[in-house]
Structures are given as C-alpha cells and as structure tokens.
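In this note's numbering, the protein residues as written are 5 to 258.
First the structure, in the form of structure tokens, and then the observations on it.
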C-alpha cells in the first residue's frame, strides 16, 4: 500500500516474513514527513500464493529491483526488517539498486540463521502443510508470538495470522520456510563492506530469533555503520517498540 504525504523526500519500506501489516502504525507516522511505499514480498501477505512458486530470497531481490523501477525511485531511503533486510542488501549488491540511506531492523544477513522450528519444517514441509487447520493455527500463533517480547492479545495477533490461514495461506506458510537457504546470504555476506550508502542498524535486545550478536558482527563488517540496541524489544520490534523505530527513522532519514 502507499501512504500519501506532503512533497517531502521519499521513504520506502519493505515487509518481512510476516506481511506488510507490520508497518501499519509506523508507516502512518512516517507518512507525515515522507512519501511511504510498503509492499508484500512475493508469496507473503496479500501477494500471489500458489503451489510450486519460487518465493526464496533468490527471487525477492529481482522483484524489488523491478518494483523500484516501476515506482521510479532512483535512490530511496529504505527501511527493512528480517527477510526484507536480506532482500534490500541483495538488490543493492547484486542488482545495482542504490539507496540514499538504509535503516535495517533485526535483518537476516549473517549466518547462521533459521530456528530449530525452521530446520524441522525444511525436512517435513508436506506433513506440516497438510496438518488439520486447528493444529496449524495453534502452531502459527505460538510461532509468531515467539517474535514479540511483550504480552500480545489474540485481537492484536489475528492480522498476523490471517494471511497464513486457509487452503492457500497454510501451504504458503510452510512453502516459504521450506525455501529458506543460507546460500542467499552467503552470496552477499563477504560484500557488506562494499555498501554504497550510510547504514543504521536497530536490534531488539530480547530478539530470540536473531540474537543481537549478529548485529554486532554486521556492524563491524560495514565501515561507518551504527548499531542501536533497543531494550524490551524482541524480533518484531514494530510491536514491542514502534516509537523507537519512528524516532530512529526521523533522525536518520532527516
């Protein structure tokens, strides 16, 4: 979706392996000062979901490069999280996409990544995709809650579950996990020192999916980059500390 705004500098934002819903509050705040573009990665959220679809990190950067061309954004300011971080890094280093500034939140960038649950799904995708819906719903809720540090009500959680339910959403959830592959970050990890734009990193101190030590490693690989640890925030910082993201974005992008 696109948030209309005054004629101010561009701010562009991508979605993680949840859906673009994660930006629902942050996007509206940034739209007071920037024109904000938000989209779902291929195979996520409201984008197309179908059997046999390639939704790996190997295709997402090409989709992003084409989308930036479609929008006519030559050097946008970019805010990205999780797989969105890997996508914008790959598009920058492999597809020549240039950014004015890059703000990453708990990105997938440094090996190893992928939880024990992810490793189990990689070995048993078909079994998970065919589970009864009520078991899938319970597993999905527990999985997503694991990314959030604060107590999270069922009402708050429901928009995160919605894209992954039903005859299309359930197999799509396990399809994207089954296509997770370290080689897509291995391809660009040695090149992080070649970034052509200022980099700011935000990391949740309570991130149980990608520990803050990965952020310290990434920051050390990129000369001039900055890392800020956010207290009482898990992997889904957009829900634990949205005000920290908005404040950091306004400072950095201004």
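Cβ coordinates follow ideal geometry from the N, Cα and C atoms, glycine included.
Within the segment 111–151, complete alpha helix (DSSP H) segments of at least 4 residues are found at 120–127, 129–133 and 137–149, given in chain order. Distances from the alpha-carbon of residue 149 to those of 162, 138, 137 and 139 put 162 closest. The beta-carbon distance between residue 144 and residue 165, rounded to whole angstroms, is 6 Å. This is short enough to meet the 8 Å contact definition.
The C-beta distance from residue 174 to residue 140 rounds to 5 Å, short enough to meet the 8 Å contact threshold. Residue 201 counts as exposed, since fewer than 16 other beta carbons sit within 10 angstroms of its beta carbon. Residue 115 is a Cβ neighbour of residue 186, given a cutoff of 9 Å. Within the same chain, and ignoring the five residues on either side of residue 94 in sequence, the residues whose Cβ sits closer than 6 Å to its Cβ are 65 and 192. Put simply, the backbone Cα of residue 25 is about 24 Å away from that of residue 232. Per DSSP, the unbroken beta strand (DSSP E) holding residue 84 starts and ends at 81–85. Just measuring C-alpha positions, the residue of 182, 207 and 215 sitting nearest residue 56 is 182. Taking all protein chains shown into account, residue 134 has fewer than 16 neighbouring C-beta atoms within 10 Å of its C-beta and is therefore exposed. Pairwise C-beta distances place the segment 97–111 in contact with the segment 75–82, as three or more of them are shorter than 8 Å. By the neighbour-count definition (other C-beta atoms within 10 Å, threshold 16), residue 197 is an exposed residue. The C-beta of residue 248 has 16 or more other C-beta atoms within 10 Å across all chains shown, which makes the residue buried. Close CB contacts of residue 44 within its chain, under the 7 Å cut and outside five residues either way in sequence, are with 19, 23, 24, 50 and 51 (chain order).
Using a 10 angstroms sphere on the CB of residue 47, the tally of other CB atoms reaches 16 or more, which defines it as buried.
The C-beta separation of residue 30 from residue 242 comes to about 6 Å, placing the pair in contact by the 8 Å criterion.
DSSP, reduced to helix, strand and coil, places residue 91 within a helical segment of the structure shown. Around the beta carbon of residue 128, fewer than 16 other beta carbons lie within 10 angstroms, which makes this residue exposed.
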